[in-house]
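Working notes, structure below.
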Amino acid sequence: MHVLKADITTIHADAIVNAANGSLVGGGGVDGAIHRAGGPSIMEECRRIGRCATGDAVITAAGHLQARHVIHAVAPRYKGRPDDERLLASAYASSLRRAEEAGDESIAFPSLGTGAYGYPVEQAAAIAVRVIVQRLRQGSGLRRITFALFSDADLAVYERQLTRV
Ligand code: AR6
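Structure representation (structure tokens):
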């Protein structure tokens with residue numbers, strides 16, 4: 259598991275994770291960047307799938323991206339409810355499961371939920387790292403997990419979480 263300051267669309271990994279919304283219709287942030295860089299075939303596949311529940315994830319091919327798959331995960335809109343933590347943890351766990359089911363060995367995550375959806379990044383990073391460590395300890399086909407962070411501040415937060423593992 260490692261962290262990088264990077265645009266997630268430039269990462270070489272079998273799967274990259276999109277911070278999507280439940281309607282899978284695209285949007286700003288990571289979602290906009292992935293659809294712009296990956297081309298229209300990803301959106302066509304999203305339209306065929308239709309929807310994704312909060313806390314769940316769906317998988318598509320990756321169009322023009324370097325990756326084999328894009329995993330579209332839906333984080334909760336942060337409201338400070340007890341359910342938020344469960345749903346964010348579930349979005350990470352579902353993404354890992356989709357990648358494993360597809361036989362992917364490497365996956366790159368953005369900081370799910372902490373942009374437009376407003377999840378406080380310190381809390382979100384702790385949840386992300388906890389879920390991933392748990393999954394790796396249970397025995398996962400995934401060999402390399404990358405966090406692609408967009409800012410120095412986010413990079414520092416995730417680095418700090420990793421030193422606690
Ligand atoms: N690579 C890596 N990180 C990025 C990139 C990028 N290219 N672009 C932004 N970030 P967000 P959310 C960072 O808003 O909070 C969309 O409209 C960003 O700075 O992309 O889960 C969807 O359609 C932030 O730290 O995802 C949904 O409606 C983090 O990625 C909604 O936003 C996540 O920000 C999802 O909101």
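So for the sequence shown, my numbering puts the first residue at 259; every next one is plus one.
Virtual Cβ for every residue (Gly too), placed ideally from N, Cα, C.
- Within the same chain, and ignoring the five residues on either side of Arg335 in sequence, the residues whose Cβ sits closer than 6 Å to its Cβ are Tyr375.
- DSSP links Phe405 through a beta bridge to Val261, Phe367.
- Inside the region 289-332, DSSP marks whole beta strand (DSSP E) runs of 3 or more residues at positions 315-319, 327-331, from first to last along the chain.
- Just so you know, the alpha carbons of His327 and Thr318 end up roughly 6 Å apart.
- According to the DSSP secondary-structure assignment, Ile266 is paired through a beta bridge with no residue.
- Take Glu380, set aside five residues on each side of it, and the residues of its chain with a beta-carbon closer than 7 Å to its own are Val415, in chain order.
- One thing to note: Leu370 has its Cβ within 8 Å of the Cβ of Ala277.
- Around the beta carbon of Gln396, fewer than 16 other beta carbons sit within 10 angstroms, so the residue counts as exposed.
- Going by C-alpha positions, Leu413 is about 30 Å away from Pro298.
- Here Val275 carries a strand assignment [DSSP, helix/strand/coil].
- Contact between Ser352 and Ala331 holds: CB atoms are separated by about 6 Å, below the 8 Å threshold.
- With a cut-off of 7 Å, the C-beta of Val288 is classified as near the ligand AR6, since at least one heavy atom of the ligand falls inside that distance.
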